[in-house]
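Notes for the one structure printed next.
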Ligand code: MF3
Ligand code: CO
Ligand code: CO
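In my numbering, the protein residues as written are 16 to 292.
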């Protein structure tokens, strides 16, 4: 999710109270998160060279309709599709279309479902055919970066602690952290306070409390961190055209730590997924 292109000044976005959800909220988010994760599992079975990104989007739309839920991105601020598909040097918010997957592509599919008002937001990387060693490494680093950020989460930790854990690891692997987009509070609202920056300083930023629900969704580049927006107003790409990867989980802060709402029911956390083995 974006800091700049929705016109939300960073300076204002963390102001005001962060919503704390109770047991009903956590129950609702478990259902929404599980459904998004189930869709991402099934998406894995459709990814191969020759398939268009539009086909994958149609699959996500049909899945939502069959389950009586709404894809949150559809018509969101004018966004036209049921998911985002970001290929190779696309950082995020790629719009599904006529592009056919080819051997060596890496892509992120980002799905958000609204289930009884609760938003489950998650994304994973996928691969088409045989990918390069450097693409494989980027995917590994990005997944590990997200998990290191999530592992920090507990009451008393800060948003800066999450960002620091992600940044420190990604940069130690000679990768860069995208600054222009961040994770976000989520729940009954799609994009809420707090902003979860994927870089930062330990001890800085809002203090985490039990009941907070937000996403952790780092975008990590093989090259420089700089991003530019394409003329469609959505697609963000790396300026140096280096490869970019992203994973996203929706999580809740519990009295003792963290609950991840969007875990893969099949344990398909990162590629290669079994159909490709
Ligand atoms: N699911 C994205 C996120 O992680 C948001 C996509 S908004 C869209 O926050 F409009 F680009 F689809
Ligand atoms: Co998100
Ligand atoms: Co998302």
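Don't be surprised by glycine CBs; every beta carbon is placed ideally from N, CA and C.
To the nearest angstrom, how far is the alpha carbon of residue i from that of residue j?
i           : j           : result
residue 289 : residue 190 : 27 Å
residue 116 : residue 122 : 9 Å
residue 156 : residue 184 : 8 Å
residue 221 : residue 46  : 27 Å
residue 223 : residue 202 : 16 Å
residue 245 : residue 96  : 17 Å
residue 149 : residue 216 : 28 Å
residue 63  : residue 33  : 41 Å
residue 113 : residue 77  : 18 Å
residue 158 : residue 70  : 25 Å
residue 51  : residue 102 : 20 Å
So, are the CB atoms of residue i and residue j less than 7 Å apart?
i           : j           : result
residue 164 : residue 35  : no
residue 272 : residue 169 : yes
residue 100 : residue 68  : yes
residue 242 : residue 105 : no
residue 108 : residue 249 : yes
residue 180 : residue 126 : no
residue 98  : residue 72  : yes
residue 219 : residue 175 : yes
residue 199 : residue 230 : yes
residue 85  : residue 154 : no
residue 172 : residue 134 : no
residue 166 : residue 143 : no
residue 192 : residue 182 : yes
Quick check on residue i - is its C-beta less than 7 Å from some C-beta in chain C?
i          : result
residue 87 : In the structure shown, chain C cannot be found, because there is only a single protein chain.
From which residue to which residue does the beta strand (DSSP E) around residue i run?
i           : result
residue 155 : From DSSP, residue 155 is part of no beta strand (DSSP E) but of the alpha helix (DSSP H) over 148 to 166.
residue 274 : 273 to 275
residue 178 : From DSSP, residue 178 is part of no beta strand (DSSP E) but of the alpha helix (DSSP H) over 174 to 187.
residue 98  : Unbroken run through residue 98: none, as it is neither H nor E.
residue 136 : 133 to 142
residue 267 : 264 to 268
Return the first residue and the last residue of the alpha helix (DSSP H) that residue i is part of.
i           : result
residue 242 : Taken as a continuous stretch (DSSP letters only), residue 242 belongs to no alpha helix (DSSP H), being part of the beta strand (DSSP E) at 242 to 244.
Practice problem: Flag this pair as touching only if the region 130 to 139 and the region 255 to 272 have three or more C-beta atom pairs under 8 Å; answer yes or no. | Solution: yes
Quiz item: Fully enclosed by the region 30 to 87, which alpha helix (DSSP H) runs are 4 residues long or longer?
Solution: 38 to 59 and 68 to 81
Self-check item: Meets three-Cβ-pair contact criterion under 8 Å: the region 264 to 284 and the region 204 to 214
Solution: Output reads no: the region 204 to 214 does not touch the region 264 to 284.
Quiz item: Counting only runs that start and end within the region 189 to 214, where is the beta strand (DSSP E) found for 3 or more residues in a row?
Solution: 198 to 200 and 207 to 211
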